[in-house]
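Top line first, the protein sequences correspond to chains A, B, C and D. Mind the numbering: the first sequence is residues 107 to 305 in my numbering, read in order. Mind the numbering: the second sequence is residues 107 to 305 in my numbering, read in order. Mind the numbering: the third sequence is residues 107 to 305 in my numbering, read in order. Mind the numbering: the fourth sequence is residues 107 to 305 in my numbering, read in order. Don't be surprised by glycine CBs; every beta carbon is placed ideally from N, CA and C.
4 protein chains.
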Amino acid sequence: MPTTPEPGRRPHTGRRRNEAARQAILAATRRLLAENAPGRPVTVDAIAKEAGIGKQTIYRWWPSKGAVLLEALTSLARDEVRTPDTGVLESDLAAFLGDIFRAGTAPDNAAVLRTLAAEAARDAQVAELLLGFTRTRRGALRTLLERARERGEVAPGTDLDLLVDQAFGVYWFRFLSGLAPLTPAVARELARTLALGAR
Amino acid sequence: MPTTPEPGRRPHTGRRRNEAARQAILAATRRLLAENAPGRPVTVDAIAKEAGIGKQTIYRWWPSKGAVLLEALTSLARDEVRTPDTGVLESDLAAFLGDIFRAGTAPDNAAVLRTLAAEAARDAQVAELLLGFTRTRRGALRTLLERARERGEVAPGTDLDLLVDQAFGVYWFRFLSGLAPLTPAVARELARTLALGAR
Amino acid sequence: MPTTPEPGRRPHTGRRRNEAARQAILAATRRLLAENAPGRPVTVDAIAKEAGIGKQTIYRWWPSKGAVLLEALTSLARDEVRTPDTGVLESDLAAFLGDIFRAGTAPDNAAVLRTLAAEAARDAQVAELLLGFTRTRRGALRTLLERARERGEVAPGTDLDLLVDQAFGVYWFRFLSGLAPLTPAVARELARTLALGAR
Amino acid sequence: MPTTPEPGRRPHTGRRRNEAARQAILAATRRLLAENAPGRPVTVDAIAKEAGIGKQTIYRWWPSKGAVLLEALTSLARDEVRTPDTGVLESDLAAFLGDIFRAGTAPDNAAVLRTLAAEAARDAQVAELLLGFTRTRRGALRTLLERARERGEVAPGTDLDLLVDQAFGVYWFRFLSGLAPLTPAVARELARTLALGAR
DNA sequence: TCATAAACGAGACGGTACGTCCGGTCTTCTT
DNA sequence: AAGAAGACCGGACGTACCGTCTCGTTTATGA
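Now the structure itself:
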């Protein structure tokens, strides 16, 4: 998410940034990503044309193509992350993971993330954005585990971060590789395994 | 400064394939991957120049740039993956994960893997090859778990693939994000958690 | 270093047209044209910034970039063109051409004209305006020749426009190509040749 | 109606520069220049597409778009410059100027030269090419005048270069401005005037 | 023995995408 | 209402890189 330019020292005169253009760009990007048609590659030019804006407007708001893709993805999966509190770790985990998995199963996100990871590797800014994207979700899962620890469902000395990484590791790994599914059933099974491992 | 391979040293082999050229290509690729310098991108032209060979020679041996990268990686990490058999799941896991973590933390490998993952992100073919690379290791871990199941250490109905993905998920996630370490201690703790979760 | 016009000094005049702004624009244009530095291209944005005004103010007063350039030139070379009348064609020509050559050789004018000609070359509108600028001078020369014709110094049937174009052709050609000088001596010699050719 | 060059017919030449590609580029440029259609601007992309080659191939042979235009023009007007020798200066001049004028009257050269002059102003290389283009012709005219001087048709002390510039000045001035024609009649009249002025 | 065939270094080529630049218009806030 | 500031659309520019193709050279093989 691009840091909105802090309103400068001088009260901003001049034409203000056009939020509609910004949204048009994101919408167009999402549309192209969702189509994923062979003849319609997700090019910067294609995005500009689809959005009916000039290329420069894209580069005025985002530093690179990858940044746009990331934000399009983020806004795609912006559905709030629930931090359920059923009083039982396994149930909480199952609900949480189910949510995450569902958002990540949208048909074409894999391609997006592929491009993103590439950008992240060469553009530190994108990398930071990508990490920021996951940080929120990781924080939510961590909270969930801490609550369980207070309830005594987690053995003292257990490395909570490792548990978090097990969950997100599975998620990202399967998401990116497409080798195995991210179904609700898997979410439940993963919840079970993690809850067991936490004891 | 690139360790330029002494130029013109490599002899022609006439109409027979020149193994030296092949090795020069792999060595040059590894060098570029390890450097990962901004002004020295890992392009096919760069590899060819660094190796002192023609681009066509690359495409005579490999179908695409990604294939070269993968093979450079594979030859780097050829150290066989042990499939220990101590008779106790947790010990087996700890040994296996320790190996994997160590290989991925060796400074040279790390740079190569990171660049390769970036490459994979933008080239689906590389991604496929990279997955093929991990398949072997995944197979080893899976074997290890199956043996434990036969010994009764794993609850029937447990999703072994999910356990495998938890292990490799943590590995890749931490490796690529750099958010958390991959120390031997983490390997042991992960082994403990997985063994617990398998019950 | 650009002689930045003290910024913010010029007062707003509210709803009345601000002659000061107009002059600032012309001055800034002249400055940029005269500099002709590689890093300071004569773009509309550059002019606006250098003048400390908004781009729209330029387009409120002139229909296009070229029009601004032309007016900057015109105001530069406003020195009236003399139409001498010595009663002898050759003398008249020598005086007239001497003036023209001198104006075009003044260092400042030279830079401006050269840049402008370049601009004219890529912008048909500028070319048109530039021609309008020369039309006045051409008219003066033509008048001079007509007077000579009435005096009988020009053979009947002589193409006066062709003579005019010979004079201005030499002027522009040498001015733009820089291949040969535009000295007073050349003006005299050209006057002699033209007077001869007119007979 | 783009006369598409039979696609894919042109053979590769391997590591040597492909003269066919070069010619295809020039031909395509000439075609686009000649069309001068509003919807088909003479863009680098358009040239590349029309020629059926990659843009990079253009930039491998020429430093900029202007250079291509110039060469297309040059090759267009490559018709040899005659240096007639009738034994009479005026006749020689008339023939020579007639040739030059005819070449310059091709409908669309004006646009080409406009673009060229723009490039020349910012790209010294193009400027040099443009001057080289005229040098040959100027040399021919100069030779012609020198022969006349030897025959005694030119007054001693006459500035031959000035006469040359009068001729080419008229040519370029009318050519670029389009203000007055370059008909055979004008060539004859100019020849008469110059021959007179030389005496 | 000598012609042929294959691999090689070199690098031009077609094609696709990228990110930048600039002209002219539009919008917002200030004076 | 005019002005300063600057975002916006459109379109061209020149660069980077992939994978293909051909050249001329070098060497092993087979007639």
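| Check | Outcome |
| --- | --- |
| Neighbouring residues, chain D, relative to residue 265(C) (Cβ below 7 Å) | 295 |
| Own chain residues within Cβ distance below 8 Å of residue 193(A), not counting five before or after | 257 |
| Cβ-Cβ separation, residue 302(B) to residue 303(A) (assumed contact under 8 Å), whole Å | 4 Å |
| Simplified DSSP state of residue 194(C), which is helix, strand or coil | coil |
| CB contact check: residue 269(A) to chain B, cutoff 9 Å | yes |
| Through-space distance from residue 169(C) to residue 207(C), alpha-carbon basis | 30 Å |
| Outcome for residue 162(B) when other beta-carbon atoms lying within 10 angstroms are tallied against a minimum of 16 | exposed |
| Per-residue contacts from residue 286(C) into chain D (C-beta, under 7 Å) | 267 and 271 |
| Per-residue DSSP class, three states only, for residue 151(B) | helix |
| Straight-line Cα distance separating residue 300(C) from residue 265(C) | 12 Å |
| The alpha helix (DSSP H) enclosing residue 307(A), as first and last residue numbers | The structure shown has nothing for residue 307(A), since chain A only spans 107 to 305. |
| Residue from 260(D), 255(D), 290(D) and 240(D) whose Cα sits closest to the Cα of residue 280(C) | 240(D) |
| Closer than 9 Å to chain D by CB, residue 276(C) | yes |
| Chain-ordered neighbours of residue 279(C) on chain D, where CB pairs are closer than 8 Å | 271, 274, 275, 278 and 279 |
| Cβ-heavy atom distance, residue 270(D) to the ligand ATP, below 8 Å | Ligands are entirely absent from the displayed structure, and the ligand ATP is therefore not among its contents. |
| 7 Å CB neighbourhood of residue 298(A) in its chain, flanking five on each side removed | 196 |
| Buried versus exposed, by CB contacts within 10 Å (16 or more), residue 129(A) | exposed |
| Buried or exposed by the 16-neighbour rule on C-beta atoms within 10 Å, applied to residue 154(B) | buried |
| Nearest neighbour of residue 305(D), chosen from 123(D), 181(D) and 261(D) [CA to CA] | 261(D) |
| Beta-carbon gap between residue 275(D) and residue 276(C) smaller than 9 Å | yes |
| Simplified DSSP assignment, three categories, for residue 168(B) | coil |
| Whole-angstrom distance between residue 140(D) and residue 198(C), CA atom to CA atom | 44 Å |
| Start-to-end residues for the alpha helix (DSSP H) that takes in residue 126(B) | 125-141 |
| Inter-residue CB distance, residue 201(A) and residue 188(A) (contact presumed, cutoff 8 Å) | 7 Å |
| Cβ neighbour criterion (16 or more within 10 Å) applied to residue 121(D) | exposed |
| Sub-9 Å separation of residue 253(B) and residue 191(B) beta-carbons | yes |
| Three-state secondary structure (DSSP) of residue 253(D) | helix |
| First and last residue of the uninterrupted alpha helix (DSSP H) at residue 145(C) | Note, residue 145(C): premise wrong, no alpha helix (DSSP H); not H, not E. |
| Buried or exposed (CB count within 10 angstroms, at least 16 for buried), residue 123(D) | exposed |
| CA nearest to the CA of residue 175(A), picked from 287(A), 247(A), 292(A) and 149(A) | 149(A) |
| Where residue 174(C) sits in the DSSP three-state scheme | helix |
| Run of the alpha helix (DSSP H) containing residue 303(D), from where it starts to where it stops | 290-304 |
| Which listed residue (203(A), 157(A), 135(A) and 171(A)) has its alpha carbon closest to that of residue 181(A) | 135(A) |
| Residues of the segment 143-175 of chain A with Cβ closer than 9 Å to any Cβ of chain B, in chain order | none |
| Residues of the segment 124-137 of chain A whose Cβ lies closer than 7 Å to any Cβ of chain B, in chain order | none |
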